[in-house]
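Under our numbering, the sequence shown is numbered contiguously, ending at residue 144.
Structure, as structure tokens:
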Amino acid sequence: GITLALREEMAPLGIEVTVVEPGAFRTSILGKGFIPAKTPIKDFAPLTQPLTTHVANFSGKQPGDPAKAAQLMVEALTKTGRCKGKALPSRLLLGKDAVKLGQGVLEQNKRELDEWAELSGSTDFADSCKP
14 GITLALREEM APLGIEVTVV EPGAFRTSIL GKGFIPAKTP IKDFAPLTQP LTTHVANFSG
74 KQPGDPAKAA QLMVEALTKT GRCKGKALPS RLLLGKDAVK LGQGVLEQNK RELDEWAELS
134 GSTDFADSCK P
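See the structure below:
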């Protein structure tokens, strides 16, 4: 997406680009930061009520430690500590839950790519240059 394009465009200038993708971290976003609608729409209750219940049950129990995430971000961006000698990733996933979700997205994308490869490739001119 846009991050990968920006990453390529900025590389010749010595500017590195990454997107940080955090999982669930124990912050106040699900506590004080979660503000349900004052006037709920009845028709949306089947969608919103389970989310509200989940948020109430999950708040304060998120697996991610914000201090550890901040430390890793600093190390990754400055290439120090555990990240010394590592290239900055295009995507920095934080938390085991984020990694698991990312792996699932990759697997789904691979399945779709494989399923649609033949049809997607059928749109080329017969006399075109091959990539």
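For every residue, glycine included, the Cβ atom is placed at its ideal position computed from N, Cα and C.
A quick note: this is a predicted structure, and the numbers were derived from the prediction, not measured.
Euclidean distance between Cα positions of Val10 and Pro59: Residue 10 lies beyond the range of the chain shown here (14 to 144); nothing can be said about it.
Phe138 - DSSP class collapsed to helix/strand/coil: Position 125 of the sequence shown, counted from the first residue, corresponds to residue 138. DSSP places Phe138 in coil when its eight states are reduced to three.
First and last residue of the uninterrupted beta strand (DSSP E) at Pro76: Taking the first residue of the sequence shown as position 1, residue 76 is located at position 63. Note, Pro76: premise wrong, no beta strand (DSSP E); not H, not E.
Separation of Lys81 from Phe38, as counted between CA atoms: Here residue 38 corresponds to residue number 25 of the sequence shown, with the count starting at 1. Here residue 81 corresponds to residue number 68 of the sequence shown, with the count starting at 1. For Phe38 and Lys81, the gap between their C-alpha atoms comes out near 10 Å.
Euclidean distance between Cα positions of Val118 and Leu126: What you label residue 118 is simply residue 105 of the sequence shown in a count that begins at 1. What you label residue 126 is simply residue 113 of the sequence shown in a count that begins at 1. Inter-residue distance for Val118 and Leu126 is about 12 Å (C-alpha atoms, whole angstroms).
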